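Chemist:
Residue numbers (this note's numbering): 107 to 196.
1. Grab the span of the alpha helix (DSSP H) containing residue 170 for me, first residue to last.
2. By how many angstroms is the C-alpha of residue 165 removed from the C-alpha of residue 159?
3. When the Cα of residue 134 is compared with those of 117, 122, 109, 123, which residue comes out closest?
4. Under three-state DSSP, which class holds residue 130?
5. Would you check if the distance between the CB atom of residue 140 and the CB atom of residue 155 is smaller than 7 Å?
6. Can you tell me which of the three DSSP states residue 139 falls into?
7. In three-state DSSP terms, what is residue 117?
8. Quick one, which of 107, 184, 152, 190 has its alpha-carbon nearest residue 138's?
9. On the premise that residue 186 lies in contact with residue 176, defined as a C-beta separation below 8 Å, what is that separation, rounded to the nearest angstrom?
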């Protein structure tokens, strides 16, 4: 299963901007789920995976990361623009 073969006829059809190269985006994902944690060369050097035991854990960790980003920006005296998730994330 991949993005391109399941997009047609789904609620996501027509959702992505016309200029996006969906095949290139889809190619960023290894087809073998066992490789999901294998570090990729394009990952930011400080990026690290944070496994979650449940959907509730994911929601909590996401909320904590958003709050931490707001606090760090405030403490540094920086302005902050956020694109926040809407609706269920998991």
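Beta carbons are placed, not taken as given, at the ideal position from N, Cα and C, and that holds for glycine. These figures come from a predicted structure and were not determined experimentally.
Modeler: Considering the structure as presented:
1. 161 to 181
2. 11 Å
3. Comparing Cα positions, the closest option is 109.
4. helix
5. Not in contact: residue 140 and residue 155 (Cβ atoms no closer than 7 Å).
6. helix
7. coil
8. 107
9. 6 Å
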